[in-house]
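**Q**
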Amino acid sequence: MSAYFHFRAVPASALRNSAGWLRRLFEDDQDAVRSRIRRHREEILDDRYLDQQLLYADAPPEHVDAGPGAHVVLGGQRVYATGPKQSPFLLLTAAQTARVAAFLAASDFDDLWRPVRPALLLRHGGPAREARTRAAFASAHADLTAFYTTTARHGDAVVKWLHS
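Following my numbering, the numbering of the sequence shown begins with 19 at its first residue and continues without gaps.
#1: Taking only three categories from DSSP, how would you classify E148?
#2: Going by DSSP, what residue range makes up the beta strand (DSSP E) through P241?
#3: Within 10 angstroms of its Cβ, does D65 collect 16 or more other Cβ (buried), or is it exposed?
#4: Going by Cα to Cα distance, which pick from D126, S36, L43 is closest to H24?
#5: On the DSSP bridge assignment, give the partners of F107 in chain order.
#6: Going by DSSP, name the residue or residues bridged to L63.
#7: In whole angstroms, what is the alpha-carbon distance linking K103 and G93?
#8: In chain order, what residues of the same chain have a beta carbon less than 6 Å from the beta carbon of R59, not counting five sequence neighbours either side?
#9: Assuming the contact rule is C-beta atoms closer than 8 Å, W122 and L162 should be a hit. Round their C-beta distance to whole Å, please.
#10: Given this structure, state the Cα-to-Cα distance separating P106 from F165, to the nearest angstrom.
#11: Taking A175 as part of the beta strand (DSSP E), name the residues at either end of that continuous run.
#12: Could one say the Cβ of V134 lies closer than 7 Å to chain B's Cβ atoms, at least one of them?
#13: Where does the unbroken alpha helix (DSSP H) through H89 begin, and where does it stop?
#14: For F44, which three-state DSSP category applies?
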């Protein structure tokens, strides 16, 4: 079974620091998820999410508190799930979400791509697959930018969870 990294916009006033509440937040059916994705109220990254993080933080995941770029994928306050082997939830406040949205809106994809290009190509098929690899990361960047921009415009927080 594949794991997907989910990003969900949540009204800041409704956000709870409870693993049970956060888990229920992600228990929707696929039609509801697709509807939120179309409206940029939810986003999902596939198993390349760690590599997507490299575009923004240009640092290993343990350095996720370095600033708004580091908060795009792996940053946020951790709330640990109660079940065995469940990944923690990551919470961004509305203020953090606004900073991430501003960072993404000001970022040029080519400027993000250049420093990490060699590492990403090494992991994703080499130079022969560069066009496809670059397009996949550029698409995810555009989707994340739309998600964070819409979320910030609504003054919402973000909850993230690695979920299968």
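Quick reminder that beta carbons are idealized off the backbone N, C-alpha and C, glycines included.
**A** Let me spell this out:
#1: helix
#2: Lying outside 19 to 182, the shown extent of the chain, residue 241 is not represented and no answer is given.
#3: exposed
#4: L43
#5: V97
#6: F23
#7: 20 Å
#8: A27
#9: Checking the sequence shown, residue 122 turns out to be Leu, not Trp. Rounded, the Cβ-Cβ distance is 6 Å, consistent with contact.
#10: 21 Å
#11: 174-181
#12: The displayed structure is made up of one protein chain only, and chain B is not part of it.
#13: 86-89
#14: coil
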